Structure formats: structure tokens, C-alpha cells
Amino acid sequence: APYLQRILGRRGLVALEQLMGLFLAMMAIGMIVKGLKEFINLIILNSG
Numbered sequence: 003a004p005y006l007q008r009i010l011g012r013r014g015l016v017a018l019e020q021l022m023g024l025f026l027a028m029m030a031i032g033m034i035v036k037g038l039k040e041f042i043n044l045i046i047l048n049s050g
């Protein structure tokens, strides 16, 4: 972290943290959507 802080500065690190958080949230949402799709398909296949 000290190396990155020297390169990016304090504001750069804050921006990087926010981008990483956004990326993590996007991955989580993608996993949730994929799981819901599979769950719904399973319900549809088992109900018919």
C-alpha cells in the first residue's frame, strides 16, 4: 500500500478503492442474477 500511495496519492487510492468496490458489487449482482435464473428455470422444469 505505501508503494501505491506514493504513486497514486491519497485521492488516487480513494478512487481505486471505490472502483474496486464497484467491481465487487457488479460481480456479486452478476452471481445473484445467474443464481436466480437457474432457480427459476429449475422451478419451471419441475412444475411442468
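First residue of the sequence shown: 3, per the numbering used here; consecutive thereafter.
We treat Cβ as the ideally placed atom computed from N, Cα and C, and that holds for glycine.
None of these values were measured; they are calculated from a predicted model.
Less than 8 Å between the CB atoms is what I'm expecting for residue i and residue j, so what's the real figure, rounded?
{"i": "L55", "j": "L24", "result": "Past the boundaries of the shown model lies residue 55; the chain is included only from 3 to 50, so the question cannot be answered."}
{"i": "L15", "j": "L6", "result": "6 Å"}
So, with DSSP's three-state summary, where would you put residue i?
{"i": "A17", "result": "helix"}
{"i": "A30", "result": "helix"}
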